Amino acid sequence: MTTPPKDYTSYQALENRPAAGNTVVVNTTKADFEGIANTYIQKAMKDQPIPLALSVTDDVSISTELTVFSVTLPILMKFEPLVQEDGNLLLEQKSVEVGMLDIPPESALKLLRDSVDLPDFMEVMPKDEEVVLKLTEIPLDDGISVRAASFNLKDDDIRLLVTIEP
């Protein structure tokens, strides 16, 4: 009888792959995922004056700022990431800080959604206090798609499925 290695992960998502082609599993770290995500966010928001950054530590954070009545308020939202069956990343809101103001999480997400022209691959759902990072909709080179397989922040182990169509 054999047992799988300690870091074995079952990739059942491969069975439900939406793109035909060859799929590779890419292991990455929090720091690398953060860098990649911010590259695509900045590319999608190149003409936007409002900064938006994603950071990955013990949770996933989105930071931006909002100017209200000539006062710039920093906004920091922290989320718990969950891999969805379709390979997208669901971010469930854990906390929110809007300067020194006490604003409910739903209101902060409404502000983000209504004040910032977000990339198409970021969907903000204030009522559910969630943001979906639609990895499957990030504009990549023709024939390439990406999905999340696992997102283990505690062990700094993020696994992405990259499919290259023939």
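Our numbering puts the first residue of the sequence shown at 1208, with every later residue one more than the last.
Backbone N, C-alpha and C fix where the C-beta goes; we use that ideal spot for every residue, glycine too.
What you are looking at is a predicted structure, and each value in this text was computed from that prediction instead of being measured.
C-alpha distance - F1358 paired with I1248, whole-angstrom precision = If you number the sequence shown from 1, residue 1358 lands on position 151. If you number the sequence shown from 1, residue 1248 lands on position 41. Using only the alpha carbons, I get a separation of about 19 Å.
Cα separation between I1282 and P1258?
-> Here residue 1282 corresponds to residue number 75 of the sequence shown, with the count starting at 1. Here residue 1258 corresponds to residue number 51 of the sequence shown, with the count starting at 1. Using only the alpha carbons, I get a separation of about 11 Å.
Residue environment, F1276, which counts as buried when at least 16 other CB atoms sit within 10 Å | Here residue 1276 corresponds to residue number 69 of the sequence shown, with the count starting at 1. F1276 comes out exposed.
Round the Cβ separation of E1292 and E1337 to the nearest angstrom and send it over; I've been treating them as touching at under 8 Å.
-> For this step, residue 1292 is matched to residue 85 along the sequence shown. For this step, residue 1337 is matched to residue 130 along the sequence shown. Actually they are not in contact, since the Cβ atoms of E1292 and E1337 sit about 15 Å apart, beyond 8 Å.
May I ask which residues mark the beginning and end of the beta strand (DSSP E) holding S1461?
-> The structure shown does not extend to residue 1461, since the chain spans only 1208 to 1373, so no value can be given for it.
Cα-Cα, which of G1306, I1371, R1354, L1316 is closest to F1240?
-> Here residue 1240 is taken as the residue at index 33 of the sequence shown, counted from 1. Minimum Cα distance to F1240 is reached at R1354.
Note down the Cα distance separating K1237 from T1343, rounded to an integer number of angstroms.
-> Start at 1 with the first residue of the sequence shown, and residue 1237 comes out as number 30. Start at 1 with the first residue of the sequence shown, and residue 1343 comes out as number 136. K1237 and T1343: Cα-Cα distance of roughly 19 Å.
Beta strand (DSSP E) containing Q1300: first to last residue?
-> Locating residue 1300 in the sequence shown gives position 93, where the first residue counts as 1. Run containing Q1300: 1296-1305, per the beta strand (DSSP E) assignment.
What does a CB cutoff of less than 8 Å around L1177 pick up in its chain, not counting 5 residues either side in sequence?
-> Residue 1177 lies beyond the stretch modelled for the chain, which goes from 1208 to 1373, so this question has no answer here.
Using the C-alpha atoms, what's the distance from Q1255 back to V1278?
-> Here residue 1278 is taken as the residue at index 71 of the sequence shown, counted from 1. Here residue 1255 is taken as the residue at index 48 of the sequence shown, counted from 1. Approximately 18 Å between the Cα atoms of the pair.
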